[in-house]
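Below is one structure, written out as structure tokens; comments come after it.
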Amino acid sequence: MTRENYLSKLKNRTLFIQGDEAAAYGALYAGCNFFAGYPITPASEVAELMAKELPKVDGYYIQMEDEIASIGAMIGAAWSGGKSMTATSGPGFSLMQENIGYACMTETPCVIVNVQRSGPSTGQATLAAQGDMLQARWGTHGDHEMIALSPSSVQESFDLMLEAFNLSEKYRNPVIFLLDGEVGHIREKVVFPDINEVNIHPRNISKEKVDVFGGMRIPPMIEFGQGHRIHVTGSTHKSNGMRDVVSQEAHDKLIRRLNDKIESNRDEISKYELHFTDDMEYLVVSYGASARPSMGAVLKLREKGYKVGFLRLITIWPFSSTIVKELGKKVKNIFVPEMNLGQISREIERFVSCAVHPVSKIGGVAHTINEIVYEIESEVKKY
Amino acid sequence: MKNELLKYLRTDILPTEFCSGCGCGTVLNIFCHVVDELKINPDDIIMVTGIGCSSWIPSPYFSADTLHTTHGRAIAFATGVKVMKPDKHVIVIAGDGDLAGIGGNHLIHAARRNIGLTVFLVNNYIYGMTGGQVSPTTPSNVPTTTTPYGNTEPAFKIAELVSAAGASYVARWTTYQVFHLKKAMKDAILNKGFSFIEICSQCPTSYGKRVGMREGIDQLKDFRDNSIDLKKTAGMKDEELENKFIVGKFAERNRTEFTENLRNINRKFDEVPV
């Protein structure tokens, strides 16, 4: 069966599925044809659906011996013409960190799904958290930039996965897809689009021998097996891929370019959603699963007469600093409900001068609307 | 006179950075002969390597597509390459520390899957690039920088391990038996499933000097004098085989290849009417 035939059967269909499954369908729409993974709660459903569906689009699912092997196989496949993906949760994500850096250094397009659960360590294996937000940014060693996205609903898990693949191709960078156990396991309605109406960013592949690692900010790739005898290494390298591990200039030039290609496009990559920010005195910032009760709390607080605005972050990294700076000037306080002890709250503090209050909840249970309302109201009443 | 085999190397970066007396050059030399004699176009080879001296044999010296991966992960990366490029020769050359130490799990699972990779493990019995620390193949009692009072562990028998894990071709030779090794490398490359050769090699800089063999030639003489044909070991006691290099073919089996099995599943969906 061709991919076109497979996707034409899904066109305009409505399914009632989990966020994990929606992410997998999004990947199939994006043209993913290689998945290597290892079972882990709460991410196994991504692998299970890929194992079932990939052969139908002439793609390949392989279950590896661990998460290190999974991300390795995925990077190897990406250089061999594959659109690659893997999915895991905290413990597996920790194991993948070294090779996430390899993917940054070798500018390999690929998507890594992390369906976050409570950590550290084994933590609460079956329960949701948002504890890996900074690990997604800084988990691998050395200076690097990262792209990470976080959906808040099952439909968005599908839609945003297309964006994840497109960004990874456009910027030749791994993209971290930060689901959480809530959005990953919740069941909601998803409407599948017509593949002809979906924007797919094609891989920039050169048929001619060119420098694959320099010469321009985002150079084209060359696929293995085309006779160009390219050299791909995680060591510091020149624009032709050959190692140069002792020159200060070579390292400086390479790493600054890798950072610049993301940093200089920060505003273009940054996606977010704004509500009630025109008249606001207070701002709520949230993302992923915790954005859902946050929105409920904002509505309830406005009913009570508090002028509260809402910023929902969709792109987590690079951080949406431009809009946060701008909104930060308009309000007295910013409240950040998240299922960790203040990871994104701390990032927001770097860009604003008003007070930033984390509204943290951990332990695998999502915030209720009333909990967020109570925390915000009791803070606001102090003034 | 220009050596005919230089066309297989990235000549602009020669000479190699291998130490005087190192066995890596011998392995590279034989590998070039093998590619030449099998008339394989290097454009049809994808080399995958890890970290350590032996990984430098193909990367950067051999002129083909090369994926130089993180430490121990060459076989994992190569698995993804082979799945997407089943018609190419995907060849891993790396060391004992890389493939049997940090990457040991990938090695046995690739053998179990019988994925069509060719793996040449160059066993120099030591972590050479980092300066001579004990490796999983260092014999017992040998002093190294991290076993200053002698190695307290026994060594892995890697060829036997990979054979037990199910690889369809397994052999062990040393850098002394260059013609046997060349023949084995050809057989390994032509075999469709997971093919593995443990190549016992000399490292005078980091290993030989610790066992009284300061020059590369000393270790080659050791290989010459202490190699024993696998076929002759039947009935021999472990004590008799201590400090011997058991060489020969350990496995040659007919098993279906992993990526072929994957493609067979995909073919079933070709037949489904739309």
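So the protein sequences, as listed, match chains U and S.
Using the working numbering, the first residue of the first sequence is number 888, and each one after it goes up by one.
Using the working numbering, the first residue of the second sequence is number 16, and each one after it goes up by one.
We put the CB at the ideal spot given by N, CA and C, even for glycine.
Could one say the Cβ of residue i lies closer than 9 Å to chain U's Cβ atoms, at least one of them?
| i | result |
| --- | --- |
| R88 of chain S | yes |
| V289 of chain S | Bear in mind that the predicted position of V289 of chain S carries a pLDDT of just 46, short of 50, making it unreliable; the figure below should be weighed with that in mind. Chain U contact via Cβ: present. |
| V50 of chain S | no |
| V177 of chain S | no |
| K207 of chain S | no |
| D59 of chain S | yes |
| K264 of chain S | no |
| V96 of chain S | yes |
| K54 of chain S | no |
| P30 of chain S | no |
| N129 of chain S | no |
| P151 of chain S | no |
| P75 of chain S | yes |
Which one or two residues does DSSP pair with residue i in a beta bridge?
| i | result |
| --- | --- |
| T189 of chain S | S:C215 |
| Q148 of chain S | S:Y142 |
| C997 of chain U | U:P1061 |
| R1004 of chain U | U:A1015 |
| I108 of chain S | S:F135 |
| L1170 of chain U | U:G1196, U:I1221 |
| Q905 of chain U | U:R1074 |
| I1092 of chain U | U:M1108 |
| P1245 of chain U | U:V1223 |
| Y947 of chain U | U:F921 |
| A266 of chain S | S:V185 |
| H1162 of chain U | U:F1197 |
| W1204 of chain U | U:A1035 |
| F77 of chain S | S:L24 |
Got a sec: is the Cβ-Cβ distance from residue i to anything in chain S below 9 Å?
| i | result |
| --- | --- |
| R900 of chain U | no |
| P942 of chain U | yes |
| V1119 of chain U | yes |
| R849 of chain U | Beyond the ends of chain U as shown, which are 888 and 1270, falls residue 849 of chain U; an answer cannot be given. |
| D1098 of chain U | no |
| E985 of chain U | yes |
| M937 of chain U | no |
| G969 of chain U | yes |
| R1090 of chain U | no |
| I925 of chain U | Contrary to the premise, residue 925 of chain U reads as Tyr rather than Ile in this sequence. False, the Cβ-Cβ gap to chain S never drops below 9 Å. |
| E952 of chain U | yes |
| F921 of chain U | yes |
Reducing DSSP to helix, strand and coil, say where residue i ends up.
| i | result |
| --- | --- |
| Q1017 of chain U | coil |
| A126 of chain S | helix |
| V1062 of chain U | strand |
| A170 of chain S | coil |
| S1126 of chain U | coil |
| I987 of chain U | helix |
| K198 of chain S | helix |
| T159 of chain S | strand |
| L245 of chain S | helix |
| A974 of chain U | strand |
| S841 of chain U | Outside the modelled stretch of chain U, which goes from 888 to 1270, sits residue 841 of chain U, for which no answer is possible. |
| W966 of chain U | coil |
| I204 of chain S | helix |
| H83 of chain S | strand |
| S981 of chain U | helix |
| V1099 of chain U | coil |
Could you name the residues of the same chain whose beta carbon sits closer than 7 Å to that of residue i, not counting the 5 residues immediately before and after it, in chain order?
| i | result |
| --- | --- |
| G1251 of chain U | S1005, Q1011, L1014, A1015, A1016 |
| P1163 of chain U | With the sequence shown as reference, residue 1163 of chain U is identified as Phe, and Pro is not the correct amino acid for it. Cβ within range, chain order: V1185, R1189, V1195, G1196, F1197. |
| I1117 of chain U | V1099, I1109, G1128 |
| E213 of chain S | L136, N138, I173, A174, R187 |
| D202 of chain S | Y184 |
| N13 of chain S | Nothing in the structure corresponds to residue 13 of chain S, since chain S is present only between 16 and 289. |
| V289 of chain S | Since pLDDT at V289 of chain S reaches only 46, below the 50 mark, its modelled position is unreliable, and no value is offered. |
| Y893 of chain U | K943, V944 |
CB-CB under 6 Å to residue i, same chain, minus the five flanking residues each way: which ones, in chain order?
| i | result |
| --- | --- |
| S1232 of chain U | V1223, V1243, P1245 |
| R1071 of chain U | Per the sequence presented here, residue 1071 of chain U reads as Gly, with Arg not at that position. Taken in chain order, the residues that qualify are G906, D907, P929, V1002. |
| Q234 of chain S | Q217, G223, M228 |
| P942 of chain U | none |
Give the interface partners of residue i over in chain B, defined as CB-CB distance under 7 Å, in chain order.
| i | result |
| --- | --- |
| L82 of chain S | In the structure shown, chain B cannot be found, because the protein chains are U and S. |
Quick one: what's got a C-beta closer than 8 Å to residue i's C-beta in the same chain, skipping five residues either side?
| i | result |
| --- | --- |
| A1253 of chain U | A1015, E1069, A1176, S1177, R1179, P1180, M1226 |
Three or more C-beta pairs below 8 Å linking the segment 946-963 of chain U and the segment 1083-1099 of chain U: no
Could you check whether the segment 978-997 of chain U touches the segment 1022-1029 of chain U, counting it as contact only if at least three pairs of C-beta atoms, one from each stretch, sit closer than 8 Å? yes
Does the segment 1037-1052 of chain U come into contact with the segment 1142-1151 of chain U, if we say contact requires no fewer than three beta-carbon pairs (one atom in each stretch) closer than 8 Å? no
How do the segment 1105-1123 of chain U and the segment 31-50 of chain S stand: do at least 3 beta-carbon pairs fall below 8 Å, yes or no? Counting Cβ pairs under 8 Å, fewer than three are found: no touch.
Three-pair Cβ contact test at 8 Å for the segment 35-48 of chain S versus the segment 188-203 of chain S: yes
Is there contact between the segment 53-67 of chain S and the segment 82-89 of chain S, where contact requires at least three CB pairs shorter than 8 Å? Note that the segment 53-67 of chain S touches the segment 82-89 of chain S; at least 3 beta-carbon pairs, one per stretch, sit closer than 8 Å.
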